[in-house]
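Participant: Taking the working numbering, the leading residue of the sequence shown gets 90, the next gets one more, and so forth.
Cβ atoms here follow ideal geometry from the backbone N, Cα and C, with glycine treated the same way.
Here the structure is a predicted model, which is why all the values come from computation and not from measurement.
Got a structure for you, questions after.
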Amino acid sequence: MRVITEKKISEAVESLVLSANHYLPYDALKALKEAAENEKSKKAKGILYKIVENHKLAKKGVYPLCQDTGIAVVFAEIGSGITIDGDIYAAINKGVETGYKKGGLRKSTANPVTRGNTGTNTPAIIHIALVKGSGLKLSLMAKGAGAENKSALKMLSPADGEEGIIEFVIDTVRKAGASACPPFVVGAGIGGNFETAPLLAKKALLRDIGDKNTRDKNAARLEKILLEKINSLNIGPLGFGGKTTALAVKVETHACHIASLPVAVNIQCHSARHKTITI
90 MRVITEKKIS EAVESLVLSA NHYLPYDALK ALKEAAENEK SKKAKGILYK
140 IVENHKLAKK GVYPLCQDTG IAVVFAEIGS GITIDGDIYA AINKGVETGY
190 KKGGLRKSTA NPVTRGNTGT NTPAIIHIAL VKGSGLKLSL MAKGAGAENK
240 SALKMLSPAD GEEGIIEFVI DTVRKAGASA CPPFVVGAGI GGNFETAPLL
290 AKKALLRDIG DKNTRDKNAA RLEKILLEKI NSLNIGPLGF GGKTTALAVK
340 VETHACHIAS LPVAVNIQCH SARHKTITI
């Protein structure tokens with residue numbers, strides 16, 4: 090059985106922090122370029138090209154993509170064929186702290202009541218899953234507050250059905266407007282229960298923008314419907330109008346109680362910062 094040390098995990102997380110904050114994922118950059126080329130609005134087109142230029146400058150100078158360097162959200166998938174030598178939570182948090190410090194990245198983590206800054210960008214938000222295999226997969230998101238604050242959860246009635254789901258997602262995006270820095274990637278979690286739906290929505294944001302949902306044809310159909318409706322809102326890049334309000338909508342589902350229909354919407358701004366590594 091493979092043994093993975095705390096040190097190796099910390100080093101991997103540190104690299105993810107630095108990479109996520111400085112380099113936009115290829116799929117996001119590609120989607121932004123395509124959106125700029127397809128925009129009819131001169132102003133919207135110009136804004137999208139400026140966002141692409143911002144990425145180039147960040148990459149060249151190794152600067153943060155955004156002044157809000159986010160709170161670290163880490164998904165760890167631990168293979169059944171490995172052993173962690175030590176405390177995985179401590180290892181992840183050490184990697185987060187070191188990465189943010191080395192990168193000179195803003196300290197953005199605070200006590201929720203006193204608002205006192207922790208000074209270390211920790212504790213990170215960590216989700217652990219046990220899976221088959223002999224590796225450790227770590228996915229890190231640097232999640233800014235602007236879009237996160239516009240995310241929402243609603244416990245719908247089963248009678249609301251698909252129409253209610255669509256209405257809630259669209260209404261959430263409409264309310265987010267310019268303040269959440271569009272164009273967005275919209276993650277929607279449908280089903281499960283009160284805590285499951287938001288987690289589904291969050292995990293949906295880790296998917297590549299251009300991927301197709303081949304596991305769930307109903308989710309894939311909803312993704313298409315929602316993207317079309319969102320892009321007809323005319324919010325546009327940074328709220329200046331245009332047909333690019335969202336780059337993608339990602340829907341994840343889970344079975345739920347016969348008497349409930351939880352729906353969560355997690356909004357991600359145009360700086361879709363996430364990276365994955367497998368040890």
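Along the alpha helix (DSSP H) that carries Asp36, what are the first and last residues, could you check?
Facilitator: For residue 36 there is no data in the structure shown, the boundaries of the chain being 90 and 368.
Participant: What are the boundary residues of the beta strand (DSSP E) that includes Asn238?
Facilitator: No beta strand (DSSP E) contains Asn238, which DSSP labels as neither H nor E.
Participant: Please classify Gln357 as buried or exposed, where buried requires at least 16 neighbouring CB atoms within 10 angstroms.
Facilitator: Classification for Gln357: buried.
Participant: Can you grab the Cα-Cα spacing for the pair Lys292 / Lys129, in whole Å?
Facilitator: Straight-line Cα distance between these residues: approximately 32 Å.
Participant: For Ala337, tell me which candidate among Gly170, Ile366, Lys301 and Gly224 has the shortest Cα-Cα distance.
Facilitator: Of the candidates Gly170, Ile366, Lys301 and Gly224, the one whose C-alpha sits nearest the C-alpha of Ala337 is Lys301.
Participant: I'd like to know whether the C-beta atoms of Ala120 and Ile319 end up nearer to each other than 8 Å.
Facilitator: Contact: no.
Participant: My parser needs the alpha helix (DSSP H) runs of 4 or more residues fully inside the region 305-347; what are they?
Facilitator: The qualifying runs are 306-319.
Participant: Using a Cβ-Cβ cut-off of 6 Å (strictly less than) and excluding sequence neighbours within five positions of Asn206, which residues of its own chain qualify?
Facilitator: Counting only Cβ-Cβ distances below 6 Å, and skipping sequence neighbours, we find Lys196 and Ala199.
Participant: Between the Cα of Thr367 and those of Phe164, Asp174, Leu315 and Gly280, spot the shortest distance and give me the residue it belongs to.
Facilitator: It is Phe164.
Participant: DSSP beta-bridge partners for Gly280?
Facilitator: His343, per the DSSP bridge assignment.
Participant: Would you call the region 273-288 and the region 240-260 touching, i.e. three or more CB-CB distances under 8 Å?
Facilitator: Contact between the region 273-288 and the region 240-260 is present, because at least three Cβ pairs lie under 8 Å.
Participant: Tell me whether the beta-carbon of Leu322 lies closer than 8 Å to the beta-carbon of Ala267.
Facilitator: Their beta carbons are not under 8 Å apart, which means Leu322 does not touch Ala267 by this criterion.
Participant: Measure the CB-CB distance between Ala231 and Ala109 and report whether it falls below 8 Å.
Facilitator: A contact, by the Cβ cut-off of 8 Å.
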